[in-house]
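According to our numbering, the sequence shown is numbered sequentially starting from 15.
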Amino acid sequence: MSVDGRVADLIAQGLCDEAATAVIESLGPEILGYLRAVLRDEDEASDAFSQFAESVWRGLHGFRGEASLRVWCYRIAWRAVLSQKRDPYRRRRDRLDSSMASRVAGRIYATTALELERQSSALDRLKAQLHPDEQTLLTLRVDRQLSWGEVALVLAEDGERLDESTLRKRFERLKDKLTRAARGEGLVE
């Protein structure tokens, strides 16, 4: 049974804690890899992952199924990235320090390999020069192989859907930018 199906069954049975655990266990390693790739700082990725897990834990009961669970999780992770970039030092008073979400997130974090899907160091340097929204577009489309529609759902502002053709154009400009940077570093001719 798919994660979406299993989670829907658990929620229907009123087992929201078990459903949230299933989401974090099944999609957590992938989300953590995304957070590491975009944030490029282990502490920030750890904080963002904790925020992601807590948001899943608190918000799963409101999941409407308008997109896949995977897309919904990436959307939450993207919001965590934005939160880290806006105010990386703020104290999160509402953290659930000893909550089940924190324990599950800690377990997934500890069992996930430290260097998930690492690119070469030269490519990492190039990616580090990108803005977080460019890194997210690149990671979701290339590394995570989300469809254009799924990427649009993740990056959409509340209530607004991004046009897929606009995303494709942004992606083409991003590829050109990376190519120029790679040439500047002597990585390609």
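The C-beta atom is built at its ideal place from N, Cα and C for all residues, glycine as well.
- Non-local beta-carbon contacts of residue 151 in its own chain, meaning distances under 8 Å to residues more than five positions away in sequence, involve 165, 169, 181, 184, 185 and 188 in chain order.
- Boundaries of the alpha helix (DSSP H) harbouring residue 84: 83–100, taken from the DSSP string.
- If you look at residue 63, you'll find it in the alpha helix (DSSP H) that goes 56–73.
- By the criterion of a C-beta distance shorter than 7 Å, residue 195 is surrounded in its chain by 140 and 143, once the five residues flanking it on both sides are discounted.
- 7 Å or more divides the Cβ of residue 65 from the Cβ of residue 34.
- Less than 7 Å divides the Cβ of residue 62 from the Cβ of residue 98.
- A check of alpha carbon separations from residue 17 across 30, 32, 37 and 29 identifies 37 as the nearest.
- Across the structure, residue 80 and residue 175 are spaced so that their CA atoms are roughly 12 Å apart.
- Take residue 25, set aside five residues on each side of it, and the residues of its chain with a beta-carbon closer than 8 Å to its own are 33, 74, 75 and 77, in chain order.
- By alpha-carbon distance to residue 163, the top candidate from 41, 29, 148 and 179 is 179.
- Under the three-state reduction of DSSP output, residue 161 falls in the coil class, being neither helix nor strand.
- Relative to the Cα of residue 154, the nearest Cα in the group 57, 172 and 92 belongs to 92.
- In the displayed model, residue 172 falls within coil according to three-state DSSP, outside both helix and strand.
- Scanning its chain for C-beta atoms nearer than 7 Å, with the 5 sequence neighbours on each side dropped, one finds around residue 86 the residues 77, in chain order.
- Under the DSSP assignment, residue 40 falls in the alpha helix (DSSP H) whose first and last residues are 30–53.
- DSSP, reduced to helix, strand and coil, places residue 144 outside both helices and strands of the structure shown, so it counts as coil.
- When DSSP states are grouped into helix, strand and coil, residue 186 belongs to the helix group.
- Contact annotation, residue 137 with residue 89: C-beta distance approximately 26 Å; criterion of less than 8 Å not satisfied.
- DSSP, reduced to helix, strand and coil, places residue 79 outside both helices and strands of the structure shown, so it counts as coil.
- Between the C-alpha atoms of residue 45 and residue 30 there is a straight-line separation of about 20 Å.
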